[in-house]
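>
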DNA sequence: ATGGCCGAGATCCTCGGA
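Numbering (the numbering used here), first residue to last: 11 to 268.
So this is what it looks like as structure tokens:
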């Protein structure tokens, strides 16, 4: 089973890149973030033609998440978290894998910059609520995968120049603590679990040649609950899509398990 | 056409991104 996650920065602007990626990588499940469109304008047919069902929580212009999958996703829920700004940031559903039910949680967490504005308090509150919700959920279902754009740089190694980001909403101690809190509920950061010292990024700014200079950061993650950690075979950051024409500023992360 | 990327949507630039 291959589950992938990709912040595509507009599903409509990126449709050819996404279709190309699906053909090459053949994910069973693809979690998308920042689709930047309402459900009525989502390209359902384009994915249907490739053999995928789409489950969409859209929003006009900003945010928006979706799950596209070869198999049926059941109990799809777009009301998992009450969002104080009514933004479309989470879609969840159950995946049946070898008669085991796995809860897939696809998130697009708030950015939080600039830190002196209510954007930052919104991010902190969003994570507070999310952590509370996961705390309850892990009691109900022990098999959980949380994937997506967390907008958190976990450690120094996860950004090209950590000194520059000390007061940034992606790297402030306060926000990194939220990441630790989440993990302490019974999860592992799968990439870091498999690669203790590897410096690898999932995002490179469009500005000032960040990609060419490898000025990146690791802000897209897969957290797996301890109960399913033993089933995970591999995790990979696939940098190819970031190198192509008209790319998203993020690149996909890929999780394989049995 | 829009600041130096980008995208969406509205207006001839702003907001949001990270």
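By construction, the Cβ of each residue, glycine as well, lies at the ideal position given by its N, Cα and C atoms. A quick note: this is a predicted structure, and the numbers were derived from the prediction, not measured.
Taking Cβ to Cβ, would you say residue 143 is nearer than 8 Å to residue 91?
Translated into the one-based positions of the first chain, residue 143 becomes position 133. Translated into the one-based positions of the first chain, residue 91 becomes position 81. Yes.
> What is the DSSP secondary structure of residue 118, reduced to helix, strand or coil?
Counting from 1 along the first chain, the entry for residue 118 is found at position 108. Strand, per DSSP.
> On a Cα-Cα basis, can you pick out the residue from 111, 98, 48, 100 that is closest to residue 82?
By 1-based counting over the first chain, the position of residue 82 is 72. When only C-alpha atoms are compared, the closest one is 111.
> Drop a sphere of 10 angstroms on the beta-carbon of residue 124, count the other beta-carbons inside from all chains shown, and report buried for 16 or more, exposed for fewer.
Start at 1 with the first residue of the first chain, and residue 124 comes out as number 114. When all chains shown are included, residue 124 counts as exposed.
> Do residue 103 and residue 117 have their beta-carbon atoms positioned less than 8 Å apart in this structure?
Stepping through the first chain from its first residue, residue 117 is reached at position 107. Stepping through the first chain from its first residue, residue 103 is reached at position 93. No, they are not a contact pair.
> Quick one: what does DSSP say residue 39 is sitting in, helix, strand or coil?
Taking the first residue of the first chain as 1, we reach residue 39 at position 29. In the structure shown, residue 39 sits in a strand (DSSP, three-state: E or B).
> What is the rounded straight-line gap between the Cα of residue 244 and the Cα of residue 267?
Position 234 of the first chain, counted from the first residue, corresponds to residue 244. Position 257 of the first chain, counted from the first residue, corresponds to residue 267. So the two alpha carbons sit approximately 7 Å from each other.
> Since residue 231 contacts residue 16 with CB under 8 Å, what's their CB separation in whole angstroms?
Position 221 of the first chain, counted from the first residue, corresponds to residue 231. Position 6 of the first chain, counted from the first residue, corresponds to residue 16. With 8 Å as the limit, residue 231 and residue 16 do not qualify as a contact, their Cβ atoms being about 13 Å apart.
> Give every residue of the same chain whose Cβ lies closer than 6 Å to the Cβ of residue 38, excluding the five residues on either side of it in the sequence, and list them in chain order.
Position 28 of the first chain, counting from 1, holds the residue named residue 38. Around residue 38: 11, 12, 80.
> Is it true that the CB of residue 186 sits closer than 8 Å to the CB of residue 162?
Your numbering for residue 162 matches position 152 in the first chain. Your numbering for residue 186 matches position 176 in the first chain. Yes, these two residues count as a Cβ contact at 8 Å.
> Note down, one range per segment and in chain order, each beta strand (DSSP E) of at least 3 residues found wholly within the segment 146 to 196.
154 to 159, all fully within the segment 146 to 196.
> Pick helix, strand or coil for residue 237, following the three-state DSSP scheme.
Your numbering for residue 237 matches position 227 in the first chain. Note: residue 237 maps to helix in three-state DSSP.
> Please list the terminal residues of the continuous alpha helix (DSSP H) segment that includes residue 55.
Residue 55 sits at position 45 when you count from the first residue of the first chain. First-last of the alpha helix (DSSP H) with residue 55: 54 to 58.
> Going by CA-CA distance only, name the one from 42, 252, 129, 58 that's closest to residue 66.
Along the first chain, one-based indexing puts residue 66 at 56. Of the listed residues, the one whose Cα sits closest to residue 66 is 42.
> Tell me where the alpha helix (DSSP H) around residue 90 begins and ends.
In the first chain, the residue the question calls residue 90 occupies position 80. Careful: residue 90 lies outside any alpha helix (DSSP H) and carries neither H nor E.
> Between residue 58 and residue 120, what straight-line distance do the alpha-carbon atoms span, to the nearest angstrom?
As a working note, residue 58 is residue 48 in the first chain. As a working note, residue 120 is residue 110 in the first chain. Using only the alpha carbons, I get a separation of about 30 Å.
> Tell me the DSSP bridge mates of residue 110?
Against the first chain, residue 110 aligns to sequence position 100. According to DSSP, which records beta bridges pairwise, residue 110 is partnered with 107.
> For residue 10, which of helix, strand or coil comes out of DSSP?
Only positions 11 to 268 of the chain appear in this structure, which leaves residue 10 out of reach.
> Mapping the DSSP letters down to three states, classify residue 128 as helix, strand or coil.
For the purposes of this step, residue 128 is taken as residue 118 along the first chain, with counting starting at 1. It is helical.
> Enumerate in chain order the residues of its own chain whose CB-to-CB distance from residue 61 is below 8 Å, with the five nearest sequence positions on each side excluded.
Locating residue 61 in the first chain gives position 51, where the first residue counts as 1. Excluding sequence neighbours, residue 61 sits near 80.
> Quickly, what does DSSP pair residue 204 with across the bridge? List them, please.
Taking the first chain and counting its residues from 1, the one referred to as residue 204 is at position 194. Residue 204 is not bridged to any residue.
> Three-state secondary structure (DSSP) at residue 253?
Reading the first chain from its first residue, position 243 is the one you call residue 253. Here residue 253 sits in helix by DSSP.
> So for residue 31, helix, strand or coil by DSSP?
Here residue 31 is taken as the residue at index 21 of the first chain, counted from 1. Three-state result, residue 31: helix.
> On a CA-only basis, which of 134, 105, 239, 248 is nearest residue 196? Give me that one, please.
Here the question's residue 196 lines up with position 186 in the first chain. Comparing Cα positions, the closest option is 239.
> According to DSSP, simplified to helix, strand and coil, what is residue 219?
The count along the first chain starts at 1 and reaches residue 219 at position 209. Helix at residue 219.
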